[in-house]
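Q: Going by full-length UniProt numbering, the sequence shown opens with residue 1, and the numbers climb by one from there.
We treat Cβ as the ideally placed atom computed from N, Cα and C, and that holds for glycine.
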Amino acid sequence: MEIEVLQEQESLPVTMLVDGAIFWVHLCCHATVDAQQPLLSTFCLGHVRHLNIEALMQVQLPQADFAYLSACHTAVGSVARNESMSLAAALQVTRFRSIVAKMYSIGDNDGPVAAREVYKYMFRDGAWAARSSNTAIGVHQAAHALQWSGAQLFRWVPFIHIGLWWMYRARINHFAMPTKGAWRQTHVKQPW
């Protein structure tokens with residue numbers, strides 16, 4: 001797996017995605033949600049570069065697979081019932097299959113912890129075996145890591161997964177759920 005880090009001056013919003021070679025993307029930036037005009041909700045890619053929903057929805061990325069949105073409020077849509085579109089949903093429209101997003105503001109220290117836990121689970125079998133179908137469980141593990149560190153509810157609840165994880169036939173036999181200091185198994189019915 002090849003990883004390329006684009007700094008502020010190198011990131012060209014839509015052209016960065018249009019080349020079709022993007023499979024995974026991790027956007028570590030600020031985001032703004034425009035509740036009145038949802039298509040103007042934006043990823044702030046530096047001081048002068050912005051990537052809004054309207055521009056994203058014009059791009060089709062058949063190779064797109066996974067997006068990690070390390071910005072607050074990326075899963076929040078508008079207040080209008082018939083026009084709700086979040087930044088995460090816009091990426092889903094462009095064909096990203098699995099997206100990690102935030103429903104609320106997150107703490108500066110919690111973002112890196114959650115990202116580390118998500119990627120640790122996704123890459124647990126090695127870099128070449130990483131699969132976006134493991135994202136939902138990775139987010140679950142990240143929430144548990146924050147819980148076990150003593151974080152209050154508002155610090156781990158914002159992290160969510162959006163996507164069609166079941167299409168990949170991810171083998172989920174159980175989730176580990178903490179109860180009174182012990183672990184119990186909760187069986188999840190698989191949709192296939």
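Tell me whether Glu59 sits in a helix, a strand or coil according to DSSP, three-state version.
A: It should be noted that the sequence gives Val, not Glu, for residue 59. Correct three-state label for Val59: coil.
Q: Go ahead and pull the three-state DSSP assignment for Tyr104.
A: coil
Q: Pick out whichever of Ala142, Arg124, Arg49, Asp65 has its Cα sitting closest to the Cα of Ala114.
A: If you compare the alpha carbons of Ala142, Arg124, Arg49, Asp65 with that of Ala114, the shortest gap goes to Ala142.
Q: Mark Ala35 as exposed unless 16 or more other C-beta atoms lie within 10 angstroms of its C-beta, in which case mark it buried.
A: exposed
Q: Pairing CB atoms from the segment 61–71 with CB atoms from the segment 97–109, are three or more of them under 8 Å?
A: yes
Q: Under three-state DSSP, which class holds Val113?
A: Helix, per DSSP.
Q: Report the rounded CA-to-CA distance for Ser133 versus Leu61, giving the unit in angstroms.
A: 18 Å
Q: With distance defined between alpha-carbon atoms, name the residue in Gly163, Gly126, Tyr121, Ile162 nearest to Ala145.
A: Tyr121
Q: What residue range does the alpha helix (DSSP H) around Leu87 cover?
A: 87–93
Q: Which residue wins for smallest C-alpha separation from His73, given the options Val157, Gly163, Leu164?
A: Val157
Q: How would you label Asn109, buried or exposed, when you count the other beta carbons within 10 angstroms and need 16 or more for buried?
A: exposed
Q: Per DSSP, which one or two residues make a beta bridge with Asn52?
A: Thr42
Q: Run through DSSP, which three-state label would Phe96 get?
A: coil
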